[in-house]
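K.L.:
Mind having a look at this structure? Questions to follow.
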Amino acid sequence: MTSIFANRPLRVRLDGAPLDAKLGRHAVSAFVRQALNAPAMAEVVFADPSADSLPGLHLGAGLALSVDGSGDLFDGEITAVEYQHDAAQGRVVRLRALDKLHRARLRQRARTLADTTVADLAEQMAGDLGLTFSCSEHPPTRALIVQHDQNDFDLVVDLARDAGLYVVLEADRLRLVSLAGEGDPIPLRMRREIIQASATAGADSLRPWTGAQSWDPARAMAVNARAGLARQDAEELRDGGLTAFPDLGGRTLFNRLAADAAEAESLAQADLDRAAARAVLLEAVVEGDTRLRPGRPVTLEGVGELVDGRCVVTRALHRFEEARGYVVEISTEPPTRPDRPRVPAFTLGKVIDADDPDGLARVRARLPVLGDVETGWMSVLLLGAGAEKGVAILPEPEDDVLVLFPDGDPARGLVLGGLYGERTAPGPRGAGTAGARAFTVRTPGGQVLTLDSVDALARLETRAGGVFEFGPNGSRLRASGDLVIEAPGRRLTIRAAAVAFEEG
66 MTSIFANRPL
76 RVRLDGAPLD
86 AKLGRHAVSA
96 FVRQALNAPA
106 MAEVVFADPS
116 ADSLPGLHLG
126 AGLALSVDGS
136 GDLFDGEITA
146 VEYQHDAAQG
156 RVVRLRALDK
166 LHRARLRQRA
176 RTLADTTVAD
186 LAEQMAGDLG
196 LTFSCSEHPP
206 TRALIVQHDQ
216 NDFDLVVDLA
226 RDAGLYVVLE
236 ADRLRLVSLA
246 GEGDPIPLRM
256 RREIIQASAT
266 AGADSLRPWT
276 GAQSWDPARA
286 MAVNARAGLA
296 RQDAEELRDG
306 GLTAFPDLGG
316 RTLFNRLAAD
326 AAEAESLAQA
336 DLDRAAARAV
346 LLEAVVEGDT
356 RLRPGRPVTL
366 EGVGELVDGR
376 CVVTRALHRF
386 EEARGYVVEI
396 STEPPTRPDR
406 PRVPAFTLGK
416 VIDADDPDGL
426 ARVRARLPVL
436 GDVETGWMSV
446 LLLGAGAEKG
456 VAILPEPEDD
466 VLVLFPDGDP
476 ARGLVLGGLY
486 GERTAPGPRG
496 AGTAGARAFT
506 VRTPGGQVLT
516 LDSVDALARL
526 ETRAGGVFEF
536 GPNGSRLRAS
546 GDLVIEAPGR
556 RLTIRAAAVA
566 FEEG
């Protein structure tokens, strides 16, 4: 297929075979859209093709686009075929295709992964898609990751964003890259490679550092960290206007969740990287070059004193048209995908383990309405909890509990308390007035403590039949076995108007 432009022919393959020449003659334009954190999309437009040239066009067919001598620019599968009828061009057929990453967006499952990094997860996704994988960074390990609402692709994107990393697919290699980019910078010079450009150096996002004040729900522990150098600045240090604002303060991410200082620092670093990327924003149209892809650094020259230098492509739109030939529209604006909403969520849990190996009064639970996934160790809200004090009454296996996820992530929960549901609560029933119901504490072994405000009664009863009872009409101590009263080395006093000893 060479009809779109003449200087560097575009080659199109359909299901591995070159596009039929009869259909290729009707091609009028094509584009490939690439961006960080998104599957690449390709579109090829045919004007008034003959009916007998269309049978090979079907959903799921492989579609590959390449430019002579540059390898594949796009390799994916057709996901949409659009038919239009135009008075000037007759019937117009548009083929749209997505690369292999779109398959990961079609896969949603409920699962848990322990001691995993986002790089591990991305590598697993790559393997499922028949891709290779690389990541030059070392993201922090997460003790637990729970997938529920998200598809495979969005899960990786969300976790990668927290680590300051972004998903990009080039040829058959899936990569996680930072906003510092990877590869040798491509020189882009005004009035040579650059056809037109709009670049802005702005102070809107300036900050000398980003801090994160976070906490770990599993250990009820505060974790703080700070990042003071963006990854981009480690490659090429730009002033970015900071010297013009000497009193400028940093930014703090408050009340975030992080298991340790490494994860908190990763959150801060990701924010600082995004701020540095917004310091210089470029939108440009350049001569066609298949190397211009998301994650690739470029070096600007002759655009403007405040913007010339190194920056990283985040979006690239490769256009093939009869009028302009092959050009690439590029942008350096970081992805605008919003942060995952940090909204608290509640759900039902069923305790599966209460034997905390660290002795921190935690439990694990199964989440029946979140795909039956199993949580990690969760702290339990306890009355008066503190150093060497508190009421340590923990849920037992098979107990139903109410679980809170402070930021909506099922991997990080707290148990607020138990739920009887349809089970009968211990103690007297049928209290008719407010405050009349007795307070009852019952252990799984059958020990019962009752505090009855109506009868002014306090009663402790053991499973073996022992009773210790105080009330206005008398008090009683009954032992189910031998009873010993002793005060070693001390005096024992029994005081009463009358004392009776009976054998029974």
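Okay, so the sequence shown: first residue is 66 according to our numbering, each after it adds one. Beta carbons: idealized from backbone N, C-alpha and C, even for Gly. This one's a predicted model, so the numbers in the text were calculated from it and none came from an experiment.
Given a threshold of 16 other Cβ atoms within 10 Å of its Cβ, counted over all protein chains shown, does F385 qualify as buried or as exposed?
P.N.:
Its Cβ being crowded by 16 or more others within 10 Å, F385 is buried.
K.L.:
Per DSSP, P252 is paired with what?
P.N.:
Per DSSP, T364.
K.L.:
Excluding the five sequence neighbours on either side, which residues of its own chain have a C-beta within less than 6 Å of the C-beta of V345, listed in chain order?
P.N.:
Hits under 6 Å: A266, V372, C376.
K.L.:
If contact is defined by three or more beta carbon pairs under 8 Å, each pair taking one atom from either stretch, is the segment 281–296 in contact with the segment 331–339?
P.N.:
Result yes; three or more Cβ-Cβ pairs closer than 8 Å.
K.L.:
Please report the straight-line C-alpha distance between L271 and Q149, rounded to a whole angstrom.
P.N.:
Cα-Cα distance, rounded: 47 Å.
K.L.:
Give the DSSP bridge partners of T515, in chain order.
P.N.:
T505, R524, per the DSSP bridge assignment.
K.L.:
Can you give me the Cβ contacts of A71 inside the same chain, cut-off strictly under 7 Å, excluding the 5 residues immediately before and after it?
P.N.:
Interpretation of A71 is limited by its pLDDT of 49, a score under 50 that renders its predicted location unreliable; the figure taken from the coordinates is listed afterwards. Here the set comprises nothing.
K.L.:
Taking three-plus beta-carbon pairs below 8 Å as touching, is the segment 237–246 in contact with the segment 274–282?
P.N.:
No, the segment 237–246 is not in contact with the segment 274–282.
K.L.:
Can you give me the C-alpha to C-alpha distance between F111 and R291, rounded to a whole angstrom?
P.N.:
Distance between the alpha carbons of F111 and R291 is about 54 Å.
K.L.:
Would S444 be called buried (16 or more neighbouring beta carbons within 10 Å of its own) or exposed?
P.N.:
The residue is buried, with at least 16 neighbouring Cβ atoms inside 10 Å.
K.L.:
For the segment 247–291, list the beta strand (DSSP E) runs that are entirely contained and at least 3 residues long, ordered along the chain.
P.N.:
Within the segment 247–291, the complete beta strand (DSSP E) runs of at least 3 residues are 251–254, 259–266, 275–281.
K.L.:
Under a three-way DSSP split, which group does E352 fall into?
P.N.:
If DSSP states are grouped into helix, strand and coil, E352 belongs with the strands.
K.L.:
Please identify the residue among I417, R488, A381, I259 whose C-alpha is closest to the C-alpha of A100.
P.N.:
Of the candidates I417, R488, A381, I259, the one whose C-alpha sits nearest the C-alpha of A100 is A381.
K.L.:
Just the Cα atoms here: how many angstroms apart are E568 and M286?
P.N.:
Roughly 59 Å between the two C-alpha positions.
K.L.:
Name the DSSP bridge partner or partners of Q173?
P.N.:
Paired residue(s): N216.
K.L.:
Compare the Cα-Cα distances from A152 to each of T144, D113, T182 and report the closest residue.
P.N.:
Out of T144, D113, T182, D113 has the C-alpha closest to the C-alpha of A152.
K.L.:
With DSSP run on the structure shown, which of helix, strand or coil describes K165?
P.N.:
Three-state DSSP puts K165 in coil, outside helix and strand.
K.L.:
Sort A262, V416, E188 by Cα distance to V232 and report the nearest one.
P.N.:
Of the listed residues, the one whose Cα sits closest to V232 is E188.
K.L.:
Under 8 Å between the Cβ atoms of V480 and G414?
P.N.:
Contact flag set, yes.
K.L.:
When you compare only the Cα positions, how much space is there between S118 and S263?
P.N.:
Rounded to whole angstroms, S118 to S263 spans 42 Å at the Cα level.
K.L.:
Going by the beta-carbon positions, is the gap between E439 and R427 smaller than 8 Å?
P.N.:
No.
K.L.:
Work out the CA separation of A129 and H123 for me, nearest whole Å.
P.N.:
Roughly 14 Å separates the two Cα atoms.
K.L.:
Is it true that the CB of D354 sits closer than 8 Å to the CB of I251?
P.N.:
Yes, Cβ-Cβ distance for I251 and D354 is below 8 Å.
K.L.:
Name the residue from D85, D223, P120, D133 whose alpha carbon lies nearest to the alpha carbon of P74.
P.N.:
For P74, the nearest C-alpha among the options comes from D133.
K.L.:
Helix, strand or coil for A187, going by three-state DSSP, please let me know.
P.N.:
Reduced to three states, the DSSP call for A187 is helix.
K.L.:
How would you write the range of the alpha helix (DSSP H) that K87 sits in, first residue to last?
P.N.:
Where K87 is concerned, the enclosing alpha helix (DSSP H) stretches over 86–89.
K.L.:
I need the straight-line Cα distance from A452 to G195, nearest angstrom please.
P.N.:
Taking the straight line joining both Cα atoms gives about 53 Å.
K.L.:
May I have the straight-line CA-CA distance separating V368 from A388, to the nearest angstrom?
P.N.:
Using only the alpha carbons, I get a separation of about 25 Å.
K.L.:
Is it buried or exposed for A35, if we count other Cβ within 10 angstroms and need 16 for buried?
P.N.:
The requested residue 35 does not occur in the structure, where the chain is confined to residues 66 to 569.
K.L.:
Compare the beta carbon distance of L365 and L244 with 8 Å and say whether it is the shorter of the two.
P.N.:
No; because the gap between Cβ atoms is not below 8 Å, this pair is not in contact.
K.L.:
Could you tell me the distance, in whole angstroms, from the CA atom of W280 to the CA atom of L313?
P.N.:
One C-alpha to the other measures close to 27 Å.
K.L.:
Among L522, G486, V109, V97, which one has its Cα closest to the Cα of A503?
P.N.:
The residue with the shortest Cα to Cα distance from A503 is L522.
K.L.:
Compute the distance between the beta-carbons of A169 and I143, then report whether it is under 8 Å.
P.N.:
No, they are not a contact pair.
K.L.:
Please state the DSSP three-state secondary structure of L313.
P.N.:
Coil at L313, not helix or strand.
K.L.:
With DSSP run on the structure shown, which of helix, strand or coil describes G414?
P.N.:
Of the three classes helix, strand and coil, the one that applies to G414 here is strand, per DSSP.
K.L.:
DSSP has F533 in a bridge; who is on the other side?
P.N.:
In DSSP, F533 forms a bridge with L525, L542.
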